[in-house]
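Since the structure comes first, as structure tokens, the remarks are kept for the end.
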Amino acid sequence: MKSLFPIDPLKLDTGLDLTTTPFAVATPSVAITVAPGSVNEDGSGNLVYTISRTGNISTSL
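Numbering-wise (our numbering), the sequence shown opens with residue 1025 and increments by one.
Below, the structure written as structure tokens:
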């Protein structure tokens, strides 16, 4: 039996298979932490900030 469609209607003329799941783009994540967690307002203690990033780090945010 011949198909009513000369091509698969889900592949269209582009040859792309539209039945597959589209790819996902991972969103970068940035976290900032500080130590110590608390200090006196008039204290002389130093704060240490740590910045971390996950995801694709080959490009700028």
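Even for Gly, the Cβ is constructed at its ideal location relative to N, Cα and C.
Of the listed residues the options, nearest to residue i (C-alpha basis)
i, options, result
"residue 1075", "1043, 1056, 1046, 1083", "1056"
"residue 1077", "1083, 1046, 1063, 1054", "1054"
"residue 1070", "1081, 1049, 1058", "1058"
Residues that residue i bridges to, as DSSP identifies them
i, result
"residue 1054", "1077"
"residue 1072", "1059"
Inter-residue spacing [alpha-carbon to alpha-carbon] between residue i and residue j
i, j, result
"residue 1061", "residue 1068", "14 Å"
"residue 1051", "residue 1084", "12 Å"
"residue 1046", "residue 1082", "23 Å"
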